[in-house]
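Some notes on the structure that comes next.
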DNA sequence: CACATCTTGAACTGATCAGTTCAGAATAGA
DNA sequence: TCTATTCTGAACTGATCAGTTCAAGATGTG
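Residue numbers (full-length UniProt numbering), protein chains in the order written: chain R, 1 to 194; chain U, 1 to 194.
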């Protein structure tokens with residue numbers, strides 16, 4: 001069982017991310033991480049760093065992975081802004097519908113715990129939410145909204161996207177989640193018609 | 001220091017509620033509660049029960065207190081539905097703006113932690129969110145929306161209300177929070193115009 | 001075979017946690 | 001004054017936590 005790397009770093013990081021995602025930072029112990037990754041306590045410590053460092057890596061992995069998907073969804077915003085925003089929300093809805101993945105959202109969960117988290121972790125979470133808003137704003141401006149409209153709808157859409165995390169954890173049905181984003185998409189259609 | 005009750009139960013419960021609200025269940029220790037309430041460890045145990053019981057009481061106190069305010073805000077829905085929903089969100093926005101109170105929302109925070117909470121606590125949180133939706137739905141129907149529209153807008157508004165908890169924790173400005181609810185209020189105006 | 005590399009399990013430290021108990025101090029009312 | 005009630009501080013249990021260390025075992029490479 002030695003001589004060469006026995007585990008895939010990315011797989012382990014993935015498992016750790018999902019563990020943090022489901023239970024949150026406070027309720028995830030090193031033993032939980034050890035169980036989730038299949039790695040020994042010592043191995044985690046020596047190759048992934050301590051709990052804080054590992055959590056930061058997981059946050060970044062999460063932001064990068066889904067950030068790409070959100071970007072891809074919004075890429076058609078210039079020609080079809082409504083479809084783009086719908087696709088944006090679909091990224092989240094599909095993630096929630098995936099039985100392999102936890103409900104909720106790692107960023108939202110982390111944001112809610114900001115008062116008890118380290119400043120660096122808090123900063124990463126805030127930054128991730130900021131990126132989301134900027135992504136949406138750029139797309140909406142490309143889609144033809146004014147600066148003001150784009151700003152307002154971007155922060156609204158980012159918030160609604162986070163709300164899906166709360167509502168899914170509280171047991172909302174897929175139909176209800178769809179209704180939540182439906183109102184927002186309709187509001188965008190309306191804004192574009194003006 | 002004895003012979004008669006030395007502390008006001010409601011005051012103590014209030015302090016405990018705020019402590020849970022700010023730091024969440026997992027990150028609140030009995031020592032934190034002792035400090036917050038000014039009560040001895042033993043006194044908490046003997047007069048407020050164990051951590052789980054106390055948390056349930058705090059959840060109920062929170063739901064009752066703000067439930068009343070939400071109801072009052074929505075009471076004019078039949079004649080002025082848009083103003084009613086705006087007043088509904090104002091309850092949350094004023095709570096967030098109050099420097100005496102934590103950001104966020106106890107219900108939202110609890111909902112996010114459902115996977116690691118006891119079933120009874122999870123049930124209380126879900127119930128509270130369910131009430132919020134029913135409150136909104138009744139108001140919107142009274143305001144003249146169809147059943148379908150009222151259902152969709154109610155779950156949307158309840159979600160947006162929860163999103164304010166996430167966004168305020170992530171450092172969103174009052175103007176941004178206002179923009180978030182603005183889009184929803186506009187969507188309601190539009191629905192009523194049809 | 002020998003060595004460098006990797007992995008493991010176990011242990012230990014110092015800290016915190018919830019829950020519980022209890023003796024004693026303080027006090028209000030009879 | 002006597003007594004029932006209330007409060008307090010301290011202690012203890014059994015558990016978990018993060019962080020760290022290390023010796024022993026396993027394996028691939030040269």
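Every residue gets a Cβ at the ideal spot worked out from N, C-alpha and C, and that includes glycine.
Distance from the CA atom of residue 188/U to the CA atom of residue 80/U, rounded to whole angstroms, is 12 Å. Taken through DSSP and simplified to helix, strand or coil, residue 26/U comes out as coil.
Burial is judged here by how many other beta carbons sit within 10 angstroms of a residue's own beta carbon; residue 102/R has at least 16 and is buried. Across the stretch 111 to 123 of chain R, CB contacts with chain U closer than 8 Å involve 111, 112, 113, 114, 115 and 116, in sequence order along the chain. Residue 101/R sits in coil when the DSSP states are folded into three classes, being neither helix nor strand. Under the Cβ distance rule, residue 138/R does not count among the residues neighbouring chain U, no pair being separated by less than 8 Å.
With a cutoff of 8 Å on beta-carbon distance, residue 123/U and residue 110/U are scored as not near each other. The C-beta of residue 190/U comes closer than 8 Å to at least one C-beta of chain R. At a cut-off of 8 Å between beta carbons, residue 60/R makes no contact with chain U.
Using a Cβ distance threshold of 8 Å, residue 26/R and residue 163/U do not count as a contacting pair.
In the displayed model, residue 145/R falls within coil according to three-state DSSP, outside both helix and strand. Interface residue (Cβ-Cβ distance to chain R less than 8 Å): residue 184/U is classified as such. Judged by their CB atoms, residue 41/R and residue 47/R are not nearer to each other than the 8 Å cut-off. Rounded to the nearest whole angstrom, the CA to CA distance from residue 43/R to residue 91/U is 50 Å. The shortest C-alpha to C-alpha distance from residue 30/U to any of 168/U, 21/U and 50/U is the one to 50/U.
Contact check for residue 169/R and residue 114/U: beta-carbon distance about 5 Å, within the 8 Å limit, so the pair qualifies.
In chain R, no part has a C-beta under 8 Å from the C-beta of residue 63/U; the shortest such distance is about 13 Å.
For residue 94/U, the secondary structure class from DSSP, reduced to helix, strand or coil, is helix. With a minimum length of 4 residues, the unbroken runs of alpha helix (DSSP H) contained wholly in the UniProt domain "HTH tetR-type" (6 to 66) of chain U fall at 9 to 23, 30 to 37 and 41 to 48. A residue is called buried once 16 or more other Cβ atoms fall within 10 Å of its Cβ, and residue 134/R, having fewer, is exposed. Interface residue (Cβ-Cβ distance to chain R less than 8 Å): residue 104/U is classified as such. Note that the C-beta distance between residue 128/R and residue 140/R is not below 8 Å.
For residue 115/U, there is no enclosing alpha helix (DSSP H), as DSSP marks it with neither H nor E. Rounded to the nearest whole angstrom, the CA to CA distance from residue 15/R to residue 144/U is 49 Å. The alpha carbon of residue 22/R has as its nearest neighbour, out of 121/R, 166/R and 174/R, the alpha carbon of 166/R. Contact note: residue 171/R reaches chain U through 126, using a C-beta cutoff of 7 Å and chain order. For the stretch 129 to 154 of chain R, the set of residues with a beta-carbon nearer than 8 Å to any beta-carbon of chain U comprises 129, 151, 152 and 153, in chain order. The Cβ atoms of residue 73/R and residue 84/R sit closer than 8 Å to each other.
Interface with chain U (8 Å Cβ-Cβ cutoff): residue 17/R is excluded. Assignment of residue 80/U by DSSP, reduced to helix, strand and coil, places it in the coil class.
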